[in-house]
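K.L.:
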Amino acid sequence: MSSERRKPYPFDQIEPKWQAIWDERCAFHAPNPGETNFDPAKPKFYILDMFPYPSGAGLHVGHPEGYTATDIIARYKRMRGFSVLHPMGWDAFGLPAEQYAIKSGQHPAITTRENVAKFKAQLKRIGFSYDWQREINTTDPAYYKWTQWIFLQLYNSWFNPKTNKAEPISTYRGKNPDGVRLAYVADVPVNWCPELGTVLANEEVVDGKSEIGGFPVVRRPMRQWMLRITAYAERLLNELEGLDWPEGIKLLQRNWIGRSEGAEIDFTVAQVSNLQTEEDGNLESCPTIRVFTTRPDTLYGATYMVLAPEHSLVDLIVTEEQWPAVREYRERTARKSELERTDLAKEKTGIFTGACAIIPVNQERIPIWIADYVLLGYGTGAIMAVPGHDERDLEFARKFDLPIREVVQPPGGEDPIGFIGDGIAINSPIIEGLPSAEAKRKITSWLDERGLGRSTINYKLRDWLFSRQRYWGEPFPVVWEDGKHRALDESELPVVPPPLDDYKPTGTGEPPLAKAKDWIRYSEKATREANVMPQWAGSCWYYLRFCDPQNDERFVSEEAEKYWMGGANDEARMTKDEGMTKHEPPGNSSFVIRHSSFKSAPGGVDLYVGGTEHAVLHLLYARFWHKALFDLGHLSKPEPFQRLVNQGIILGEDNQKMSKSRGNIVNPDDVIDQYGADAFRCYEMFMGPLEQMKPWSMRGVEGVARFLARVWRLFMNENQAGEWQLSAAIRDVDPDKAQQKIVHATIKKVTEDIESLSFNTAISQMMIFVNAFTNAEIIPLSAMRTFLVLLNPFAPHLASELWEKLGAKFSDARRDITEQSWPSYDERLLVENEVEIVVQVNGKVRDRMRLSIHATEAELKAAALASPKIKALIAGKTVRNVIVIPKKLVNVVV
RNA sequence: GCCGAUGUGGCGAAAUGGCAGACGCAACGGACUUAAAAUCCGUUGGGCUUUAAACGGCCCGUGCCGGUUCGAGUCCGGCCAUCGGCACCA
């Protein structure tokens, strides 16, 4: 462009100016207890964004969506007298920096530093009111020292089933403490990704390929660090209840945890050819196979049994003649990658072992098969197959021509074969004629009495695979000596990884750190653990560190934790919000801050905003760590995040997901260059409901920018010389009645809409306000001041500047707008004397009339029936009913 | 297959069971201007109709079908479509 287009208002000067002022004054620093300026009378409010991974690509418009929402609330809450904790940091360990290091040889720390600087500059440009003194970085040794410390807490504790909580390992009385630690070592079949040279967690594998990069993944057994999250399955499930999270997210977590009630049943193996060689002289005690089932009432319907191919008893029971086929099958399944296993899910495969099992209730013999549709990791890795009442078993039985037996009579009289619901037990002597629920109970206790089974609860949730064969992550504070692991002492933290000449994976599964020969050697006898922690580790507890980010004595001081994450302040917060008008949109309860729940709120962070992609993993892992630390007495509440809100994805202008390949990515910097940060913020919020997916539109940004320019021109005129000066129309006079009304209506609407996170409609109301004043000859100062305060959370630079301009002319100005308190409204000023009443005939609007709001039902009815239009419509018909809704409408039914 | 979310003008959307489409975009018309941009004012769901023109009047309309109700975008039942998650979990 040859000549720069004139800006509709000078945002390019205003915005950097105020950002510099805020920075210089540390305007948004939240003091901790004990710090000067700390005001114990103020209730706290902890509002948190999911901190980003600072990628080389920089910020995209999706990031600031949630960040803008939280910034509005943070600014609003401050103006309502809260002490607001609103921090930002960097989740900076991760693969991209490491892969760049592999290519360039540059240490990932350098890449990370550059990317962080870029992200931070971009965020600052948007004018977010973060407390930058609390900035943290997961790759900073001062930070990950405490990540390692938390690992030590897990390592040094166990889950006591009697107390249902974690306790120091010293309270464990058993023989094998290493078998019960919350952090333990196990040889597990893992998802090995040869391309990345690392192991991936199940959830990092999508369709048999790595989530990052899309490389093929195969199963391979390896020694790994695991975290015993399964010990917390029950609590992670039950304690969801007290959280103000979207129901959908809670459901996702419930399904992920996957609790199911059922029974374990022991089956004796009937023919054991190899037993003699395996266990000499102990022929009497035949092995038993334990199965898990949710339908013990279908025990009589079991016609065969299936073990997972990797099941340890397979070797023991397989017969001589079946041995080659079984071995071949096992090798074939082991070779299958995850991808093939899911792809081939359509067709069931399996092989007979030659052995038989005995049904404990009737001594009947059934064949034992192995098949990969039975998973080793779930239940006992073995099932009793009831093809009559299970789809998978039915498919398998039909393919291999195994018998099918009916043992449940469906209630509706449909075909029992393939019926999987509850019905009446048939062909089942012990429970004959009982409904399924009762039959389950009876047969389970029958088995229990005879030591043949027991009721059990199973979870889909698996223990957390916690080690990675990478460089750019937290090293474990662990050494190995004589094949045994040993934790380092707290005093040896942080364990800092050495720089390497070459960050390439070794390809053998050995982590890159193994190359650092000097570092690995811990002492004469001991060597360091060479694995590192996964990226989740740092993000599992960052919200705690924000409470006290510089502490080098503790991961967070007790006092700070208690204040920001604790409940001591709940009362005060409630009182503070009493008297505020709230409306609860029905069926949308997740939108509303439920102040009534504060008293018993289990969570510490008051509002946590981020994307749905973290619905299970991050949120579940963080809850797990939080509970363990809570059990060990380090935290005051059992849950980390009281209220959770997910922002929706922002699509490109073409309604497609933004991506490089589609070329539809919108860069926030470009938007801000052209329209300013305030317009960018307001547009992000004006697009639609926060939680909804919605497409970007540059035209839409323009519209919002136009609104802000109208705000500017409401206050400012251009003089002959083309300079902006405060409008002479603004005078210190009382607003008239109509103006009064719109001021208070706007306070009410904006306040309620911020509380319910309906930012789009709050902005609409402010547009209505501005439209109403645009052509006023005299603009009352007080109305403008109120308006600027309402606008401030949304467009803080513009509001600050105009507030300052008003202050320069009118001596009543008191400090910056950020220090003003939020206005309250007077409901009485919103009430009109007269109101329009709609008159309907059979539910259709036929007339309207203006009546006093005090008109009685009888008066309304009379007025409606007296209307000429209505008279004409109901002429010759009998009025059957008249419904009167005071202040609203009259419906005449004929 | 299972679970969840969503479906309203040309577009983004709004609507405690009570006037569907607030607010914004786009479009069109007007004012200002030598002109354009910017700005300001107005019109704008579809169809039919009265009229010289205007004012008006009527019908239809919130994915589809049904129900509850004086009254349904909203509540209930059944379907369809799109998006997201899970996927042999016994």
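Under the working numbering, the first residue of the first sequence is numbered 9, with each subsequent residue one higher.
We treat Cβ as the ideally placed atom computed from N, Cα and C, and that holds for glycine.
(1) Between the stretch 113-123 and the stretch 459-467, do at least 3 Cβ pairs fall closer than 8 Å?
(2) Quick one: any contact between the stretch 489-505 and the stretch 143-155, if contact means 3 or more CB pairs under 8 Å?
(3) Once DSSP output is grouped into helix, strand and coil, what is the label at H71?
(4) How far does the alpha helix (DSSP H) with W830 in it reach, from first residue to last?
(5) Nearest-angstrom Cα distance between G618 and P483?
(6) Whole angstroms are fine: how far does the CA of Y84 sit from the CA of A49?
(7) So, do the stretch 675-685 and the stretch 123-143 have three or more beta carbon pairs nearer to each other than 8 Å?
(8) Measuring only the C-alpha atoms, how far is R470 from A174?
(9) Quick check on C34: does DSSP put it in helix, strand or coil?
(10) Taking the runs of the beta strand (DSSP E) that are 3 residues or longer, which of them lie wholly in the stretch 83-167?
(11) S57 and M87 look like a contact to me (Cβ under 8 Å); what is the Cβ gap, rounded to whole Å?
(12) To which residues of the same chain is Y616 closer than 6 Å at the C-beta, ignoring the five residues directly before and after it?
(13) Which same chain residues end up closer than 8 Å to E329 when comparing Cβ atoms and leaving out the 5 residues on each side of it in sequence?
(14) Considering E255, what are the terminal residues of the alpha helix (DSSP H) in which it resides?
(15) Count the other CB atoms, across all protein chains shown, that sit within 10 Å of the CB of Q232; report buried if there are 16 or more and exposed otherwise.
(16) Looking at R739: is its Cβ nearer than 9 Å to the Cβ of P804?
(17) List the endpoints of the continuous beta strand (DSSP E) containing N889.
(18) Is the beta carbon of W633 less than 9 Å from the beta carbon of I265?
(19) Determine whether the beta carbon atoms of F818 and M774 lie at a separation below 9 Å.
(20) Can you tell which of G431, D430, G641, A393 has its C-alpha closest to the C-alpha of R413?
(21) Determine the closest residue to Q655 out of R236, E203, A38, I257, with distance taken between C-alpha atoms.
(22) CB-CB under 6 Å to N663, same chain, minus the five flanking residues each way: which ones, in chain order?
(23) Report yes if the CB atom of V909 is closer than 9 Å to the CB atom of I325, and no otherwise.
(24) Measure the alpha-carbon distance for E489 versus V193 and round it to whole angstroms.
(25) To the nearest angstrom, how far is it from the Cα of V758 to the Cα of E106?
(26) Is the beta carbon of A38 closer than 9 Å to that of V92?
(27) Report the option in F723, L765, I273 whose CA atom is closest to the CA atom of I391.
(28) For K813, count neighbouring Cβ atoms within 10 angstroms of its own Cβ and tell me buried if that reaches 16, exposed if not.
(29) Give every residue of the same chain whose Cβ lies closer than 6 Å to the Cβ of T119, excluding the five residues on either side of it in the sequence, and list them in chain order.
(30) Ignoring anything shorter than 4 residues or poking outside the stretch 782-822, list the alpha helix (DSSP H) runs there in chain order.
(31) Nearest by alpha-carbon distance to P304: which of E647, D834, K450 is it?
(32) When you compare each of D401, C364, L722, G459 to A379 by their alpha carbons, which one comes out closest?
(33) Could you tell me which of P51, R338, S669 sits nearest to V322, measuring between CA atoms?
(34) I'd like to check one pair, G481 with A545: are the Cβ atoms closer than 9 Å?
(35) Just curious, the beta strand (DSSP E) that F649 is in, first and last residue?
(36) Under the three-state reduction of DSSP, which class applies to D678: helix, strand or coil?
P.N.:
Reading it off the structure:
(1) no
(2) yes
(3) Secondary structure of H71 (DSSP, three-state): helix.
(4) Segment: none, W830 is in no alpha helix (DSSP H) and carries neither H nor E.
(5) 28 Å
(6) 18 Å
(7) yes
(8) 18 Å
(9) Looking at C34 - three-state DSSP - the assignment turns out to be coil, as it is neither helix nor strand.
(10) Segments of the beta strand (DSSP E) lying fully in the stretch 83-167: 91-93.
(11) It should be noted that the sequence gives Asp, not Ser, for residue 57. Not really, about 20 Å apart at Cβ, beyond 8 Å.
(12) L56, F649, L652
(13) G362
(14) Taken as a continuous stretch (DSSP letters only), the alpha helix (DSSP H) holding E255 covers 255-265.
(15) So Q232 counts as buried.
(16) no
(17) 889-893
(18) no
(19) Going by C-beta atoms, F818 is not nearer than 9 Å to M774.
(20) A393
(21) I257
(22) P703
(23) Here the chain has residues from 9 to 902 only, and residue 909 is not among them.
(24) Their Cα atoms are separated by approximately 14 Å.
(25) 46 Å
(26) yes
(27) I273
(28) Buried: at least 16 other Cβ atoms inside 10 Å.
(29) A105, Y108
(30) List check, alpha helix (DSSP H) in window: 789-799, 804-817.
(31) K450
(32) D401
(33) Of P51, R338, S669, the residue nearest in Cα terms is R338.
(34) yes
(35) 647-649
(36) It is helical.
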